[in-house]
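Inspection log for the structure reproduced underneath, given as structure tokens.
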Amino acid sequence: MADTQPTADSSFTDGAWIDVIRKMDETYSELLKYQVELEEKNSALEAMRAFMESVLGSMTDVLIACNLSNRIVQTNAALVRQTGTPASKLIGMLVADLFIETDRERLSNMLFAAAANAKTQRLELSIQGSNSAELLDIHAAPRIDPRGRVVGIVLIGRPVGELRRAYLELNNAHGTLVRTQEQLVHSEKMASLGRLVSGVAHEINNPISFVYGNAHALERYVGRLEAYFDKVQAGAPREELIEARQTLKIDRAVANLRSAVAGALEGAERVRDIVESLRRFSAEGNGETQLFDLVAITRTALTWVVKAHEPRIHVAVTAPEKLLVEGRGGHIQQVVMNVIQNACDSMEGKESGEIAVEITATQDEAILRIADEGPGISPEALLKLFDPFFTTKPVGKGMGLGLSISYKIVKEHRGMLTAVNKSSGGAMFEIRLPLSWQGGEAER
Ligand SMILES: Nc1ncnc2c1ncn2[C@@H]1O[C@H](COP(=O)(O)OP(=O)(O)OP(=O)(O)O)[C@@H](O)[C@H]1O
Ligand SMILES: [Mg+2]
């Protein structure tokens with residue numbers, strides 16, 4: 324060392340020394356600058372690391388980064404919570420050891436596919452927790468380095484147990500709702516059946532009492548005629564027979580006999596007609612489409628709903644004698660009955676009122692309008708009129724299903740059911756039906 328030491332008088336001039344010192348100064352100050360920069364970078368890195376840690380820590384999804392040997396290199400607090408194993412122990416573990424044994428093969432296939440295809444894979448697998456296994460929805464994505472090479476896999480797992488439970492509960496609630504709705508629709512059907520039955524009972528009552536009265540009269544006449552013929556048979560003298568004829572009012576009996584028979588027949592025919600229309604009602608309601616007379620159906624509905632129950636309500640019908648429409652007559656009759664029932668209900672409490680029914684037809688459409696003299700429909704009610712369970716009637720009076728069922732039936736016929744308020748007050752419902760069947764399932 325001593326021989327290489329330069330000496331002032333041999334190789335270094337003063338100027339050279341000054342140069343060296345200046346260089347050393349520069350180098351020192353550059354070093355200082357680098358150190359400051361390094362410290363700045365270091366603290367930025369530290370901040371970034373803390374930020375990443377807080378993000379990873381607050382994730383509820385499980386995060387596992389592993390290398391190509393499928394060993395864990397990074398994870399987050401969610402996995403620590405899930406497995407009950409500290410992070411320090413998790414790092415370096417084989418990722419497969421986290422999962423339940425039966426899922427391990429599927430996991431390694433997924434890891435292999437993610438690395439080989441450089442594409443995200445997805446599976447539902449269960450991680451072994453400290454107490455029980457938890458099913459996770461796992462996404463496995465390849466981890467790529469800055470040069471584009473796959474250096475490992477990142478797994479993100481979302482617990483699906485909660486979701487499943489929530490879904491099951493929702494599904495159960497939905498099932499209960501559907502069943503309740505079915506029950507309500509059923510009781511609505513029972514209610515309209517009840518209305519129908521009482522309408523029919525009332526309708527049949529008249530002709531039956533007519534038949535009954537006439538049959539009684541006939542019985543009386545028969546009794547008198549028998550008494551008279553007994554006398555004839557016994558060979559009673561002419562004077563006695565003339566007297567008996569007067570006292571037994573035989574002439575009147577004979578004269579009334581025909582009208583009593585005619586009356587009984589008329590009543591029986593009326594009953595037969597009612598039974599016939601009932602039979603048609605049930606036959607046409609069974610899903611078969613056929614030609615039915617909209618006018619007849621409407622008149623029957625008016626009789627059953629209004630005339631049988633509401634004598635204070637006047638009915639005015641403007642209609643052709645007959646209007647044949649193709650479809651399900653029984654169903655349409657139900658629609659007409661629902662609308663007429665609503666019209667009656669709208670005038671409840673009024674001393675009198677009128678339901679005006681008009682039936683017309685275009686070339687390819689039948690139009691049935693039913694107008695009442697009730698208060699009309701409020702703007703809010705107009706918006707929800709055809710919604711199931713929308714009703715403004717008190718509990719027990721209406722269920723709010725009449726119009727929604729009617730709407731569905733008319734839709735099935737590819738027709739239209741609409742409601743407006745008349746300028747003169749009251750509501751008017753319009754049912755439009757194609758004359759020929761083009762229907763099918765209702766659009767929901
Ligand atoms: N002609 C009408 N005038 C005024 N409001 C009406 C008329 N028709 C229907 N509405 C209103 O529409 C609502 C729904 O009618 P919808 O026939 O669907 O059910 P509802 O008559 O209340 O009960 P349900 O028919 O099940 O016995 C009625 O509660 C009523 O507020
Ligand atoms: Mg109704």
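Residue 324 is where the sequence shown starts when you use this note's numbering, and the numbers rise one by one after that. The beta carbon of each residue, even a glycine, is placed where N, CA and C say it ideally should be. Model, not experiment: these values are computed from the prediction.
Thinking C-beta only, is residue j closer than 8 Å to residue i?
i, j, result
"residue 652", "residue 697", "no"
"residue 437", "residue 476", "yes"
"residue 474", "residue 466", "yes"
"residue 623", "residue 656", "yes"
"residue 523", "residue 597", "yes"
"residue 526", "residue 626", "yes"
"residue 482", "residue 447", "no"
"residue 514", "residue 544", "no"
"residue 709", "residue 727", "yes"
"residue 713", "residue 707", "yes"
"residue 690", "residue 755", "yes"
"residue 678", "residue 638", "yes"
"residue 537", "residue 619", "no"
"residue 450", "residue 416", "no"
"residue 648", "residue 601", "no"
"residue 301", "residue 724", "The question about residue 301 has no answer here: the residues shown for the chain are numbered 324 through 767."
"residue 700", "residue 680", "no"
"residue 405", "residue 471", "no"
"residue 484", "residue 460", "no"
"residue 667", "residue 718", "no"
"residue 760", "residue 676", "no"
"residue 740", "residue 688", "no"
"residue 564", "residue 554", "yes"
"residue 568", "residue 574", "yes"
Hey, could you find the ends of the alpha helix (DSSP H) residue i is sitting in?
i, result
"residue 435", "427 to 440"
"residue 481", "Not the alpha helix (DSSP H): residue 481 falls in the beta strand (DSSP E), residues 473 to 482."
"residue 563", "561 to 570"
"residue 446", "From DSSP, residue 446 is part of no alpha helix (DSSP H) but of the beta strand (DSSP E) over 444 to 451."
"residue 413", "410 to 413"
According to DSSP, which residues form a beta bridge with residue i?
i, result
"residue 533", "Answer is none; residue 533 lacks a bridge partner."
"residue 641", "681"
"residue 757", "688"
"residue 636", "676"
"residue 614", "649"
"residue 422", "450"
"residue 752", "693, 742"
"residue 580", "None, per the DSSP bridge assignment."
"residue 417", "394"
Which residue marks the beginning of the beta strand (DSSP E) containing residue i, and which one marks its end?
i, result
"residue 620", "Per DSSP, residue 620 belongs to no beta strand (DSSP E); it is in the alpha helix (DSSP H), 617 to 625."
"residue 464", "456 to 467"
"residue 646", "Neither: residue 646 is in no beta strand (DSSP E) and is coded neither H nor E."
Using the beta-carbon count (16 or more within 10 Å), is residue i buried or exposed?
i, result
"residue 765", "In this prediction, residue 765 has a pLDDT of 45, which is less than 50 and means its spatial position is unreliable; what the coordinates show is noted afterwards. Classification of residue 765: exposed, given that the 10 Å Cβ count is below 16."
"residue 336", "exposed"
"residue 661", "buried"
"residue 736", "buried"
"residue 342", "exposed"
"residue 702", "exposed"
"residue 326", "For residue 326, the predicted structure reports a pLDDT of 49, less than 50, and the residue's modelled location is therefore unreliable. The matter cannot be settled from this model."
"residue 357", "exposed"
"residue 454", "exposed"
"residue 552", "exposed"
"residue 496", "exposed"
"residue 641", "exposed"
"residue 344", "exposed"
"residue 375", "exposed"
"residue 281", "The chain is shown from 324 up to 767; residue 281 falls before or after that span and cannot be answered."
"residue 324", "Reliability of the predicted coordinates at residue 324 is poor, the pLDDT of 44 falling under 50, and the value obtained from them is presented with this limitation in mind. Its Cβ having fewer than 16 others within 10 Å, residue 324 is exposed."
"residue 402", "buried"
"residue 383", "exposed"
"residue 399", "buried"
"residue 730", "buried"
"residue 767", "Reliability of the predicted coordinates at residue 767 is poor, the pLDDT of 36 falling under 50, and the value obtained from them is presented with this limitation in mind. Answer is exposed; the Cβ neighbour count stays below 16."
"residue 339", "exposed"
"residue 425", "exposed"
Counting only beta-carbon separations shorter than 8 Å, does residue i have a partner in chain B?
i, result
"residue 625", "The structure shown has no chain B; it contains just one protein chain."
What runs of the beta strand (DSSP E), each 3 residues or longer, lie entirely inside the segment 661 to 693?
Correct list: 676 to 684.
Quick check for students: name the residue ranges of the beta strand (DSSP E) that lie wholly in the segment 349 to 401, counting only runs of 3 or more.
With a minimum length of 3 residues, the continuous beta strand (DSSP E) runs that stay inside the segment 349 to 401 are 385 to 390, 395 to 398.
Please go through the segment 694 to 748 and give each complete alpha helix (DSSP H) segment of 4 or more residues, from N-terminal end onward.
702 to 707, 725 to 735, all fully within the segment 694 to 748.
List in chain order the residues whose CB is within less than 5 Å of at least one heavy atom of ligand 3.
This structure lacks ligand 3; the ligands present are ligand 1 and ligand 2.
Scan the segment 482 to 514 and note each continuous beta strand (DSSP E) run of 3 residues or more that stays entirely inside, going in chain order.
Qualifying beta strand (DSSP E) stretches: none in this window.
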